[in-house]
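Notes follow the structure.
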Amino acid sequence: MVANVCVLGATGSIGANTLDVIARHPDRYRAFALSAHSNVDDMLASCERFAPSFAVMVDEQAAQALADRLREKPVDTEVLAGAAALEMIAAHDDIDMVMAAIVGAAGLAPNLAAIRAGKRVLLANKESLVMSGELFMQEARKSDAMLLPIDSEHNAIYQCLPEAYQCGEEVSRAVRRILLTASGGPFRGRSRAELHDVTPQQACNHPNWSMGQKISVDSATLMNKGLELIEACWLFNLAPEQIEVHIHPESIVHSMVEYCDGSVLAQLGTPDMRTPIAYGLAWPERIDAGVGSLDLFAQGSLNFERPDEANFPCLDLARQAFREGGTAGAILNASNEEAVAAFLKGNIRFTAIPDIIASALDAVGIQRADSLDTVVSADLAARATAIQTIQQLQMHA
8 MVANVCVLGA TGSIGANTLD VIARHPDRYR AFALSAHSNV DDMLASCERF
58 APSFAVMVDE QAAQALADRL REKPVDTEVL AGAAALEMIA AHDDIDMVMA
108 AIVGAAGLAP NLAAIRAGKR VLLANKESLV MSGELFMQEA RKSDAMLLPI
158 DSEHNAIYQC LPEAYQCGEE VSRAVRRILL TASGGPFRGR SRAELHDVTP
208 QQACNHPNWS MGQKISVDSA TLMNKGLELI EACWLFNLAP EQIEVHIHPE
258 SIVHSMVEYC DGSVLAQLGT PDMRTPIAYG LAWPERIDAG VGSLDLFAQG
308 SLNFERPDEA NFPCLDLARQ AFREGGTAGA ILNASNEEAV AAFLKGNIRF
358 TAIPDIIASA LDAVGIQRAD SLDTVVSADL AARATAIQTI QQLQMHA
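Residue numbers (my numbering): 8 to 404.
Listed below in structure tokens is the structure:
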């Protein structure tokens, strides 16, 4: 039986890799619905190749442009526009699983819609759990949705857990700690003074992974690992103290699980996102992902070191936000998104990113994150505060 897949964020790196895996197994999967923000060219190519039933463009002008160009093609795809259409396709009755690969806060509402509809959700959008972990996990339990992490680290942890523990409820009884690996990004080993004048181009030049600009900058600041720490706490029902970040520059060991008996299980592989994507699509089976074999003889050595939290304070800011609870995660995420966007535009320095986040966490009141409206309100308040701080920094530059 062919499974219908909805790919949210189909033109991003995760979305493209998902479509690559789907294309390798046409007898098992169909790209039933695709979404993008405004990338008409890539969406048009995907529609021609996969002939999805629905194509959603969040930007209305882009949707119109896509619809106009599809009229000239022999493809029967219905084009929809706007954020509400994302929620519709994510919860569509004919959908079996949803690849949640929209970057940032924009993915929260459609991801929640998929969870509430009881879908298998392949979660590549860590911000959903950072912003509203308690609400998100509560909804997943209520609907009996299946949540499979796609971030390479969380997918590795999931693979290292026996099935009895993968639901998150029993993990804390058997697991001593999670060893969450991080590449260290392009600036590993640099001091704060050396980070003062780094450029967006340098920050996006990741040594191991091919990723979008936002996540590349997050990797460079270690905020990506902070967001992943929060995600791991929610997914696996663990305290921050049970998650230890290890800088591992080779990105071969994707994460490890240490059990109470002293055993440590690790998942290794070449740095290719098609591996966790294929695992999520086929679970509990294994399918070909198009990924080559790992050559440990050629690799030679694997190295590990402690993160430099003095020069890269975003990791600790994330840890603090999780301890604060409530809407602190939404405030952290929103202020980080605004700071990263400003850095990519050349409006602030790289070293200002953690300062803007810390300022927002201090200024915006934290409330209980018991509804989507409350989370969204916190997100908007944090963005307004971050933008104000960014404008002040520009005035004094």
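Yeah, the Cβ is synthetic: ideal placement off N, Cα and C, and Gly gets one too.
Sorted by chain position, which residues of the same chain lie with C-beta nearer than 7 Å to threonine 358's C-beta, five sequence neighbours on each side aside?
To locate residue 358, count along the sequence shown from 1; it is residue 351. Answer for threonine 358: Arg199, Leu202, His203, listed in chain order.
Is it the case that the segment 338–352 contacts the segment 207–226, given that we only count it when at least three CB pairs across the two stretches are under 8 Å?
Flag = yes, the segment 207–226 and the segment 338–352 touch.
In chain order, what are the residue ranges of uninterrupted beta strand (DSSP E) at least 3 long that sit wholly in the segment 63–127?
85–88, 104–107, all fully within the segment 63–127.
Taking the alpha carbon of glutamate 251 as the reference point, which residue from Glu316, Phe57, Ile355 has its own alpha carbon closest?
One-based indexing of the sequence shown puts residue 251 at position 244. Selected option, being the one with the closest Cα: Glu316.
Bridge partners of arginine 195, per DSSP?
On the sequence shown, position 188 is the one that residue 195 refers to. DSSP, once it has assigned bridges, lists no residue as partnering arginine 195.
According to DSSP, is methionine 50 helix, strand or coil?
Taking the first residue of the sequence shown as 1, we reach residue 50 at position 43. DSSP places methionine 50 in helix when its eight states are reduced to three.
Using three-state DSSP, classify proline 156 as helix, strand or coil.
Start at 1 with the first residue of the sequence shown, and residue 156 comes out as number 149. DSSP places proline 156 in strand when its eight states are reduced to three.
Could you have a look at alanine 317 and say whether DSSP puts it in helix, strand or coil?
Position 310 of the sequence shown, counting from 1, holds the residue named residue 317. Looking at alanine 317 - three-state DSSP - the assignment turns out to be coil, as it is neither helix nor strand.
Between the beta-carbon of glycine 140 and the beta-carbon of isoleucine 237, is there less than 8 Å?
Stepping through the sequence shown from its first residue, residue 140 is reached at position 133. Stepping through the sequence shown from its first residue, residue 237 is reached at position 230. Yes.
Is valine 264 helix, strand or coil by DSSP?
In the sequence shown, counting from the first residue as 1, residue 264 sits at position 257. Note: valine 264 maps to strand in three-state DSSP.
Could you pull out every residue in the same chain whose Cβ sits closer than 6 Å to the Cβ of isoleucine 254, ignoring the five residues on either side in sequence?
Translated into positions along the sequence shown, residue 254 becomes position 247. Cβ neighbours of isoleucine 254 beyond the five flanking positions: Ala189, Gly191, Glu312, Pro314.
Under the rule that 16 or more other beta-carbon atoms within 10 Å means buried, what is lysine 352, buried or exposed?
On the sequence shown, residue 352 is found 345 positions in, with the first residue counted as 1. Lysine 352 comes out exposed.
Cβ atoms of alanine 40 and leucine 26: under 8 Å apart, would you say?
Your numbering for residue 26 matches position 19 in the sequence shown. Your numbering for residue 40 matches position 33 in the sequence shown. Not in contact: leucine 26 and alanine 40 (Cβ atoms no closer than 8 Å).
Between alanine 98 and glutamine 401, what straight-line distance do the alpha-carbon atoms span, to the nearest angstrom?
Numbered from its first residue, the sequence shown carries residue 98 at position 91. Numbered from its first residue, the sequence shown carries residue 401 at position 394. Roughly 43 Å separates the two Cα atoms.
Give me, in chain order, the residues of the same chain whose beta-carbon lies closer than 6 Å to that of arginine 390; leave out the 5 immediate sequence neighbours on both sides.
On the sequence shown, position 383 is the one that residue 390 refers to. Closer than 6 Å at the Cβ level, and outside the excluded window around arginine 390, lie Ala341, Glu345.
Since valine 14 and glycine 22 should fall inside the 8 Å C-beta cutoff, what is the C-beta to C-beta distance between them, to a whole number of angstroms?
Locating residue 14 in the sequence shown gives position 7, counting from the first residue. Locating residue 22 in the sequence shown gives position 15, counting from the first residue. Right, the Cβ-Cβ distance comes to about 5 Å (below 8 Å), so this counts as a contact.
Would leucine 303 be called buried (16 or more neighbouring beta carbons within 10 Å of its own) or exposed?
Translated into positions along the sequence shown, residue 303 becomes position 296. The residue in question, leucine 303, is exposed, as its Cβ has fewer than 16 Cβ neighbours within 10 Å.
Measuring only the C-alpha atoms, how far is alanine 38 from proline 59?
Taking the first residue of the sequence shown as position 1, residue 38 is located at position 31. Taking the first residue of the sequence shown as position 1, residue 59 is located at position 52. Cα to Cα, alanine 38 sits roughly 6 Å from proline 59.
With valine 178 and leucine 245 assumed to form a contact (beta carbons below 8 Å), what rounded beta-carbon distance in angstroms separates them?
Against the sequence shown, residue 178 aligns to sequence position 171. Against the sequence shown, residue 245 aligns to sequence position 238. About 6 Å; that satisfies the 8 Å criterion.
For the pair the segment 85–93 and the segment 49–68, tell me if three or more CB-CB distances fall below 8 Å.
They touch, by the three-pair rule.
Anyone know if the C-beta pair for alanine 385 and alanine 349 falls short of 8 Å?
Along the sequence shown, read from residue 1 onward, the residue named residue 385 stands at position 378. Along the sequence shown, read from residue 1 onward, the residue named residue 349 stands at position 342. No, these two residues do not count as a Cβ contact at 8 Å.
Leucine 115 and glutamate 134 - do their beta-carbons sit closer together than 8 Å?
Taking the first residue of the sequence shown as position 1, residue 134 is located at position 127. Taking the first residue of the sequence shown as position 1, residue 115 is located at position 108. Cβ distance < 8 Å, so glutamate 134 and leucine 115 count as in contact.
Quick one: residues in its chain with C-beta nearer than 7 Å to the C-beta of asparagine 215, no 5 flanking neighbours on either side, listed in chain order?
Translated into positions along the sequence shown, residue 215 becomes position 208. Ser190, Ser258, Pro278.
Using 10 angstroms around the beta-carbon of methionine 138, count the other beta-carbons present and answer buried if the total reaches 16, otherwise exposed.
The residue you call residue 138 lines up with position 131 of the sequence shown. So methionine 138 ends up on the buried side.
Can you name, in chain order, every residue of its own chain whose Cβ lies under 6 Å from the Cβ of aspartate 103, other than the five neighbours on each side?
Here residue 103 is taken as the residue at index 96 of the sequence shown, counted from 1. Hits under 6 Å: Ala10, Asn11.
Does DSSP put arginine 37 in a helix, a strand or coil?
Translated into positions along the sequence shown, residue 37 becomes position 30. Correct three-state label for arginine 37: strand.
Span of the beta strand (DSSP E) holding arginine 375?
The residue labelled residue 375 in the question sits at position 368 within the sequence shown. First-last for arginine 375: undefined, no H or E at that position.
Go ahead and pull the three-state DSSP assignment for asparagine 244.
Walking along the sequence shown from the start, residue 244 turns up at place 237. Note: asparagine 244 maps to coil in three-state DSSP.
Which of the three DSSP states is assigned to alanine 296 in this structure?
Translated into positions along the sequence shown, residue 296 becomes position 289. Three-state result, alanine 296: coil.
Give me the DSSP bridge partner(s) of leucine 187.
Position 180 of the sequence shown, counting from 1, holds the residue named residue 187. Beta-bridge pairing links leucine 187 to Val252.
In terms of residues, what are the limits of the alpha helix (DSSP H) holding alanine 30?
Residue mapping note: residue 30 aligns to position 23 of the sequence shown, counting from 1. Segment 20–31, the alpha helix (DSSP H) holding alanine 30.
Could you pull the DSSP bridge partners for serine 42 from this structure?
Numbered from its first residue, the sequence shown carries residue 42 at position 35. Answer by DSSP bridge pairing, in chain order: Val63.
Cα-Cα, which of Ser53, Thr206, Asn162 is closest to asparagine 354?
The sequence position of residue 354 within the sequence shown is 347, counting from 1. The shortest Cα separation from asparagine 354 among Ser53, Thr206, Asn162 belongs to Thr206.
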